[in-house]
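Comments concern the structure below.
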Amino acid sequence: MISLLLASIMMVGLLAACGSNSSGNGGAAPNGDGKKAEQVTVEFWTISLQPTFNDYFHNLIAEYEAQNPNVKIDWKDYPYDAVLNKLMTNIAGGEAPDVVNLNTELANQMGTKDALVDFNQELTPEQKAAYFPGIYSSTEMDGKAFALPWYTALPVLFLNKDLVEKAGLDPNNPPATKEELNEWGRQIKEKTGSYGYIFTMEARTLLEENLPFLTEDYKKAAFNTPEVEEYVKENLQLLQDGVIPKDIINYDKQVQYFASEQVAMSLSSSPFINKIKTAAPDVYEKMVAVPSPVGKAGIRYSNTMNIVVPVATSHKKEAVDFAVFVTNAANQLEFSKVANTLPSTVESAKDPFFSENDGSVEGVAKTVSAVSLDKAEDFYLGIESANDVNHAVTKALENIYLNGADVKKTLADAEKEVNGILGN
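Under this note's numbering, the first residue of the sequence shown is numbered 55, with each subsequent residue one higher.
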């Protein structure tokens, strides 16, 4: 399904001039000269935020419409897969929405197909400086910025205090590096029988270990190396020894493992807490949040949701203005307070909300992740066709880890696939 959607993106450049019928003209409101300004409707799409955050968005929209009486915001919310289908369908039909919530991977993918407005052309230097540079630049390529960063998340290591202590380990002195995490995992497996930690099989794990991924110009694959092969084999040994479970690709499966105390540690983000609290209140009471261990690169990658404006919008000025409004420091701070997310804006992160906590696992998770915002980067920084590249490498790693595929051959095949994606 994704491949079909991304093929549709290729049509966007041709369709951009067609305009959008999604934002109709209605009445008019007077502008500063006493003349009537065009009354426009800006169609705003988000991903899986209704009904949980209805109050926040209704207030946000009411405030914006009060400040801009000639603009009506039509807010629609879709599940992740549905929004991709509908976005491509609407663009192909000349009815693109005006402002859309996308993750960095898809924003980069669409941006490199000339489907999105370049915010570097629309924002002042002061407006751009409002965002953390490492996060803002995640959709910046060839001098163009395809998105405004919105809410984000950084990884946190969640511990089951009982299992950790049963293994003879001190949760007050948690593992700080990947090597230490592996040592803890082995001891937990030996002493308790539970898995040590949940392991992600995504492509970004290579970058976290300072291993080659793409060439410096992002134009060719660079991961088919002896160093990557050695790293993969080390993880295969951890899987074989039962330090990490195999079948944890699905997020719900990760929740299930932690909630049933089959695993002692999980690298995740703040929303994981609510999942455990709902699924297993007794295990929630044993949860401890600590800073995530870092690999050899010493980097913590952010997982950011963005706001984009399709080039096919009929109301670019109003759409860009609303995108800036949604992602400004004040509104990001308020959203963080209700959604337990991290902001991508510098001023928001200075608020005491992010440095003070009540000692709860939610409070600690918030503070230990917020302190890393100024060092945060997004994995998809500068990568063209990011969705396709990530999928190809992640698929290869999963095939090795889960299906026992030959390491050398699988890395070589993935290298060819990625080079083909990048036009080589």
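Note that the Cβ used here is the ideal one computed from N, Cα and C, for glycine as well.
Ignore the nearest five residues each way along the sequence and tell me which others in residue i's own chain have a CB closer than 8 angstroms to its CB.
i       : result
Leu-261 : Phe-267, Ala-351, Ile-353, Tyr-355, Phe-433
Val-443 : Ala-257, Leu-268, Ile-437, Val-472, Ile-475, Leu-476
Gly-81  : In this prediction, Gly-81 scores a pLDDT of 40, lower than 50, which makes its location untrustworthy; the coordinate-derived value is nonetheless stated afterwards. Within the same chain, Gly-81 has close Cβ partners Gln-93.
Val-309 : Phe-326, Lys-329, Ile-330, Ala-333
Tyr-205 : Thr-358, Met-359, Gln-386, Phe-389, Ser-390, Ala-393, Thr-395, Leu-396, Pro-397, Ser-398
Glu-119 : Val-125, Lys-126, Ile-127
Whose C-beta lies closer than 7 angstroms to the C-beta of residue i among residues of the same chain, with five residues either side of it excluded?
i       : result
Glu-315 : Asn-214, Leu-217, Ser-248, Val-337
Glu-471 : Ala-446
Gly-458 : none
Phe-186 : Ser-398, Val-400, Leu-427, Asp-428, Ala-430
Tyr-285 : Glu-263, Leu-265
Glu-270 : none
Lys-370 : Val-171, Val-363
Rounded to the nearest angstrom, how far is the Cβ of residue i from that of residue j, given a contact under 8 angstroms?
i       : j       : result
Phe-253 : Asn-289 : 7 angstroms
Thr-193 : Asn-360 : 6 angstroms
Val-94  : Glu-372 : 6 angstroms
Val-96  : Val-125 : 6 angstroms
Val-344 : Leu-211 : 5 angstroms
Tyr-132 : Trp-99  : 6 angstroms
Glu-416 : Asn-394 : 6 angstroms
Leu-114 : Lys-300 : Wrong, their Cβ atoms sit about 43 angstroms apart, outside the cutoff.
Ala-201 : Val-362 : 5 angstroms
Val-171 : Val-365 : 6 angstroms
Gly-1   : Met-195 : The question about residue 1 has no answer here: the residues shown for the chain are numbered 55 through 478.
Asn-144 : Ala-150 : 5 angstroms
Indicate the three-state DSSP secondary structure (helix, strand or coil) for residue i in the structure shown.
i       : result
Thr-193 : helix
Val-94  : strand
Ala-276 : coil
Ser-423 : helix
Val-171 : coil
Pro-299 : coil
Val-400 : helix
Glu-410 : coil
Thr-100 : strand
Ser-77  : With a pLDDT of 40 at Ser-77, under the threshold of 50, the modelled position of this residue cannot be trusted, and the question is left open.
Asp-428 : helix
Val-348 : strand
Val-342 : strand
Gln-294 : helix
Leu-177 : coil
Ala-161 : helix
Ala-136 : helix
Asn-478 : coil
Ala-150 : coil
Ala-83  : Here the model assigns Ala-83 a pLDDT of 45, short of 50, so the residue's position is not dependable, and the following value carries that caveat. Strand, per DSSP.
Might you give, ordered along the chain, the residues of its own chain that have their beta carbon closer than 6 angstroms to the beta carbon of residue i, omitting 5 neighbours on each side?
i       : result
Glu-283 : Val-461
Tyr-190 : Pro-203
Asn-478 : Lys-274
Asn-226 : none
Phe-326 : none
Leu-321 : Pro-209, Leu-211, Ser-346
Thr-259 : none
Gly-188 : Ala-430, Glu-431
Ile-101 : Tyr-134, Val-137, Asn-155
Ala-161 : Thr-193, Phe-200, Ala-201, Asn-360, Val-362
What residue does the alpha helix (DSSP H) around residue i start on, and which one ends it?
i       : result
Tyr-185 : Counting along the chain, Tyr-185 falls outside any alpha helix (DSSP H), and DSSP gives it neither H nor E.
Ile-115 : 108-121
Lys-463 : 461-475
Val-447 : 440-457
Leu-517 : The question about residue 517 has no answer here: the residues shown for the chain are numbered 55 through 478.
Asp-375 : 370-380
In the DSSP assignment, find the unbroken beta strand (DSSP E) run with residue i in it and report its ends.
i       : result
Asn-155 : 153-157
Val-362 : 359-362
Val-125 : 125-132
Inset, instruction - Let me know the alpha helix (DSSP H) ranges lying completely inside the region 311-340, each 4 residues or longer, listed in chain order. - result: Taking only runs of at least 4 residues, the alpha helix (DSSP H) segments lying wholly in the region 311-340 are 325-333, 335-338.
Legend entry - Those runs of the beta strand (DSSP E) which lie wholly inside the region 206-272 and span at least 3 residues: 210-214, 249-252
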